[in-house]
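Q: One structure, pasted below without further comment.
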Amino acid sequence: MQKLSIALLTWGLKGGSLANYTLALAQGFLEAGVEKIYLVYIARGPGEGVEIPSQVELVPLEAHRSRSAPFHIAKMINRLRPDVLISVSAFVNMPATIGWLLSGVRSTKLIVSQHSTMSYKAYVELKHDVKFRFQPLMARLLYPRASAVHANSQHVLDDLLYKIKIGVPTTRAFATANPVDAVRIRHHAQAPPTHPWLKTKEMPVILSVGRLAKQKNYPLLVEAFAKLRNQQPARLVILGEGPERQTLEQQIRALNIKNWVSLPGFVSNPWAEMANADVFALSSEEEPFGLVLVEAMACDLPIVSTHALGNGPQAVLGDGKYGRLISNADAQCLASHLASILSDTALRSELIQLGRKRCEDFEPQKIAQTWLSFIDKNIIDKNIL
Numbered sequence: 016m017q018k019l020s021i022a023l024l025t026w027g028l029k030g031g032s033l034a035n036y037t038l039a040l041a042q043g044f045l046e047a048g049v050e051k052i053y054l055v056y057i058a059r060g061p062g063e064g065v066e067i068p069s070q071v072e073l074v075p076l077e078a079h080r081s082r083s084a085p086f087h088i089a090k091m092i093n094r095l096r097p098d099v100l101i102s103v104s105a106f107v108n109m110p111a112t113i114g115w116l117l118s119g120v121r122s123t124k125l126i127v128s129q130h131s132t133m134s135y136k137a138y139v140e141l142k143h144d145v146k147f148r149f150q151p152l153m154a155r156l157l158y159p160r161a162s163a164v165h166a167n168s169q170h171v172l173d174d175l176l177y178k179i180k181i182g183v184p185t186t187r188a189f190a191t192a193n194p195v196d197a198v199r200i201r202h203h204a205q206a207p208p209t210h211p212w213l214k215t216k217e218m219p220v221i222l223s224v225g226r227l228a229k230q231k232n233y234p235l236l237v238e239a240f241a242k243l244r245n246q247q248p249a250r251l252v253i254l255g256e257g258p259e260r261q262t263l264e265q266q267i268r269a270l271n272i273k274n275w276v277s278l279p280g281f282v283s284n285p286w287a288e289m290a291n292a293d294v295f296a297l298s299s300e301e302e303p304f305g306l307v308l309v310e311a312m313a314c315d316l317p318i319v320s321t322h323a324l325g326n327g328p329q330a331v332l333g334d335g336k337y338g339r340l341i342s343n344a345d346a347q348c349l350a351s352h353l354a355s356i357l358s359d360t361a362l363r364s365e366l367i368q369l370g371r372k373r374c375e376d377f378e379p380q381k382i383a384q385t386w387l388s389f390i391d392k393n394i395i396d397k398n399i400l
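Residue numbers (the numbering used here): 16 to 400.
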């Protein structure tokens, strides 16, 4: 296994959950002793503060149009000829599979990695978006051609196998949790925060991080915060950008809480903000994993989260052992749990200690070893296309 070469293929490394995932997995493979690791990005190179390990070779494809990506990927495979190519996310899996087939290099094994519940994206959240409506069809056509299929939770994998019905045998499919590089996160968390409410703390700050999208159900969090403000002083900061911004801003104005809620947009180092907040809130209606929850725990931030479709928060938080879990439609319950953590010092301390311990289960080397075990048993030296 030491002689293995692995290429990780992602759309970009500007930042965000998929970039963090890819970097953590690369770090895990390094720690597990993989000899050669390539970090391949299709269009967007590393953003500010994104550090690439010196042992990892960075490979830009510069395929600025998605239609040209398969041809760039095919050329890359022929040039590098890695033992394993891992593509990250549905939008990369499609061109990756086409590019791999075009390359004709069958000594390279392709693993497509799914990080969202495809049926939810295609049939619920983004059902009016043609790109997402066609994803299940494309997955049924292309995923069976790959050497194996990976998902970041058993729920996501079951969705592919039994709802989307991609037609891949279970011997060529596996699930692992997301790796989280807590050492890297804690290093970045030492930087000063950028938000003025976190620079100068006048009252407790509730923090959430994620795309402003329907899936994240931020109207529930805003409603809960309005109820909390009736009980005690507090502020709410939601980091991220997305299509629901206008809806949220209208709700904030209607509830007359605009002086205590901030939507500053995308922040390149959210961990510095986490390290200075008082409690983390996740209000998602669908969450297949919840990488941001582990990142919050790495920053010693206690958590209140909804039970979400996809079972991600339930799994990460151990069904409530490592953080508070509430119904995904109960704003009053969410407000009450946020208030209890803000007011109960002993509870905060307990959740912080439990979260710190829980982070160890997502150490990159542990997750990478699971990948390598599957690759060794099911991919390498097997007669799989």
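Think of the CB as a built atom: it goes at the ideal place given N, C-alpha and C, for glycine as much as any other residue. The model shown is predicted, which means the values in this text are computed figures rather than measured ones.
So, are the CB atoms of Ile394 and Ala204 less than 8 Å apart?
A: Taking 8 Å as the Cβ cut-off, Ile394 and Ala204 do not qualify as a contacting pair.
Q: Round the Cβ separation of Leu349 and Pro328 to the nearest angstrom and send it over; I've been treating them as touching at under 8 Å.
A: About 13 Å separates the two Cβ atoms, so there is no contact after all.
Q: Report the partner residues of Gly27 according to the DSSP bridge assignment.
A: DSSP lists Arg59 as partners of Gly27.
Q: How many Å lie between Ile57 and Leu76 at the Cα?
A: So the two alpha carbons sit approximately 5 Å from each other.
Q: Quick one: using the 10 Å Cβ neighbour count with 16 as the cut-off for buried, is Arg94 buried or exposed?
A: With fewer than 16 Cβ atoms within 10 Å of its Cβ, Arg94 is classed as exposed.
Q: Can you tell me where the beta strand (DSSP E) with Arg6 in it begins and where it stops?
A: The displayed coordinates of the chain run from 16 to 400. Any statement about residue 6 would go beyond what the structure contains.
Q: Can you tell me where the beta strand (DSSP E) holding Gln129 begins and where it ends?
A: First-last of the beta strand (DSSP E) with Gln129: 124-129.
Q: Rounded to the nearest angstrom, what separates Asn271 and Ala311 at their Cα positions?
A: Roughly 29 Å between the two C-alpha positions.
Q: Counting C-beta neighbours from all protein chains within 10 Å, is the total for Ala47 16 or more, i.e. buried, or is it exposed?
A: Label assigned to Ala47: buried.
Q: Taking Cβ to Cβ, would you say Leu45 is nearer than 8 Å to Leu23?
A: In this structure, Leu23 does not lie closer than 8 Å to Leu45 by Cβ.
Q: Three-state secondary structure (DSSP) at Arg339?
A: The answer is strand: DSSP assigns Arg339 an E or B state.
Q: Please tell me whether Leu19 and Val65 are closer than 8 Å, where the distance is taken between their beta carbons.
A: No. Outside cutoff.
Q: Is any heavy atom of the ligand COA found at a distance shorter than 7 Å from the C-beta of His322?
A: Absent from the structure shown: the ligand COA. Ligands present: none.
Q: So is Asp174 buried or exposed if we call it buried at 16+ other beta carbons inside 10 Å?
A: Asp174 is buried by the Cβ-count criterion.
Q: Taking 8 Å as the limit between beta carbons, can you name the residues of its chain near His170, skipping five residues before and five after?
A: Closer than 8 Å at the Cβ level, and outside the excluded window around His170, lie Thr132, Pro303, Gly325, Asn326, Gly327.
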